[in-house]
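Quick notes on the structure that follows.
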Amino acid sequence: MAARTKLLYQTNGNLRQHLTKILSLTPVSSLPPSDQSLIKEVTPNDHALITTSTIFYVQGGGQPTDTGVISTSTAKFEVSSVIDGAKRDLHSRLHTAGHILGLAINHLSREDKLPKLVESKASHYPGSAAVEFVGNIPGSALAAIQEKVDEFVASKRAVEIHFWPMERLRRECEGVDEGFALPEGEELGRVVEMVGLGSYPCGGTHVGDCGETGRIEVRKISRSKGVSRSLSKARPLICLLKSIVYNVSRKQNTYIYTEYFG
Ligand SMILES: [Zn+2]
738 MAARTKLLYQ TNGNLRQHLT KILSLTPVSS LPPSDQSLIK EVTPNDHALI
788 TTSTIFYVQG GGQPTDTGVI STSTAKFEVS SVIDGAKRDL HSRLHTAGHI
838 LGLAINHLSR EDKLPKLVES KASHYPGSAA VEFVGNIPGS ALAAIQEKVD
888 EFVASKRAVE IHFWPMERLR RECEGVDEGF ALPEGEELGR VVEMVGLGSY
938 PCGGTHVGDC GETGRIEVRK ISRSKGVSRS LSKARPLICL LKSIVYNVSR
988 KQNTYIYTEY FG
């Protein structure tokens with residue numbers, strides 16, 4: 738089996754251009770059906786390109802995929818990648834802001850200013866960024882959460898990337914439940930640490946310090962009884978909440994919607 742494409746953004750989120758090698762270029766229609774199913778509306782012009790390394794973020798963990806241009810410069814199949822830097826920067830700020838918000842809520846919970854909560858999911862998509870907790874956060878807590886978020890942003894604490902063994906990851910990271918597992922064959926998990934504030938296992942891209950997110954506005958806290966944990970997409974969240982309010986689960990989830998800077 739060919740080696741996995743090296744994901745350069747995992748160790749250097751600032752790369753905006755990169756030279757790599759093309760290993761293969763094939764029409765999407767010739768890929769196995771399971772791979773084709775990952776792509777929406779395949780046309781005859783769509784091709785799958787495999788490179789030895791990439792700076793393009795793959796969609797996942799609540800962060801949208803990067804978009805950009807790959808252009809060949811010589812007949813040696815060396816490739817120069819140019820990604821959409823402004824878009825990526827926004828995604829990195831949103832993504833980091835989601836972590837800061839999650840940490841602020843966890844800190845308040847530990848300080849007994851919020852009830853005991855279990856962190857569930859997050860989405861960092863522009864316009865629908867949200868973090869989700871299982872537990873009851875009263876609407877009146879919004880001001881306290883905003884204050885803690887402001888404090889963390891003002892702290893400008895460094896945001897660092899680590900690769901930790903599972904034991905340390907479980908001990909020190911937030912949001913790691915019993916079902917958490919590393920990808921098959923991997924012994925170290927990628928972690929993002931907001932130094933001094935807390936860490937999460939994460940494969941996404943982030944800004945260099947907590948101040949680079951700009952102001953994070955905590956916009957809304959919404960609650961619903963009986964929300965399934967399978968809710969992974971924030972975009973249709975409000976509709977889904979309304980439609981399954983009377984589900985059998987007794988859990989009460991709290992969703993916090995955030996809007997970031999201007
Ligand atoms: Zn992250």
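Last residue of the sequence shown: 999 (the working numbering), numbering continuous. For glycine and all other residues, C-beta sits at the position ideal for the given N, C-alpha and C. Remember, predicted model here, so these are calculated numbers, not experimental data.
CA-to-CA distance, residue j to residue i, given in whole angstroms
i, j, result
"residue 768", "residue 786", "11 Å"
"residue 919", "residue 928", "11 Å"
"residue 781", "residue 763", "11 Å"
"residue 830", "residue 839", "14 Å"
"residue 867", "residue 860", "5 Å"
"residue 770", "residue 759", "22 Å"
"residue 900", "residue 746", "14 Å"
"residue 799", "residue 849", "29 Å"
"residue 809", "residue 836", "37 Å"
"residue 875", "residue 932", "28 Å"
"residue 852", "residue 778", "45 Å"
"residue 935", "residue 766", "44 Å"
"residue 925", "residue 883", "34 Å"
Residue i: first and last residue of the uninterrupted beta strand (DSSP E) it sits in
i, result
"residue 792", "From DSSP, residue 792 is part of no beta strand (DSSP E); its letter is neither H nor E."
"residue 925", "925 to 931"
Exposure of residue i, with buried meaning 16 or more beta-carbon neighbours within 10 Å
i, result
"residue 891", "exposed"
"residue 784", "exposed"
"residue 754", "exposed"
"residue 896", "buried"
"residue 804", "exposed"
"residue 757", "buried"
"residue 930", "buried"
"residue 938", "buried"
"residue 880", "exposed"
"residue 893", "exposed"
"residue 921", "exposed"
"residue 917", "exposed"
Contacts around residue i, its chain only, beta-carbon distance under 7 Å, and the 5 residues preceding and following it disregarded
i, result
"residue 844", "885"
"residue 788", "742, 757, 758, 759, 760, 816"
Boundaries of the alpha helix (DSSP H) in which residue i is found, first to last residue
i, result
"residue 878", "From DSSP, residue 878 is part of no alpha helix (DSSP H); its letter is neither H nor E."
"residue 909", "903 to 909"
Bridge-paired residues (DSSP) for residue i
i, result
"residue 900", "927"
"residue 762", "786"
"residue 895", "946"
"residue 863", "In DSSP, residue 863 forms no bridge with anything."
"residue 935", "931"
"residue 915", "According to DSSP, residue 915 bridges with nothing at all."
beta-carbon residue i near ligand 2 non-hydrogen atom, thresh 7 Å
i, result
"residue 806", "Among the ligands modelled here, namely ligand 1, ligand 2 does not occur."
Own chain, CB closer than 6 Å to residue i, minus 5 neighbours either side, in chain order
i, result
"residue 854", "846, 870, 872"
"residue 748", "none"
Same chain, Cβ closer than 8 Å to residue i, neighbours up to 5 away in sequence not counted
i, result
"residue 827", "863"
"residue 824", "803, 804"
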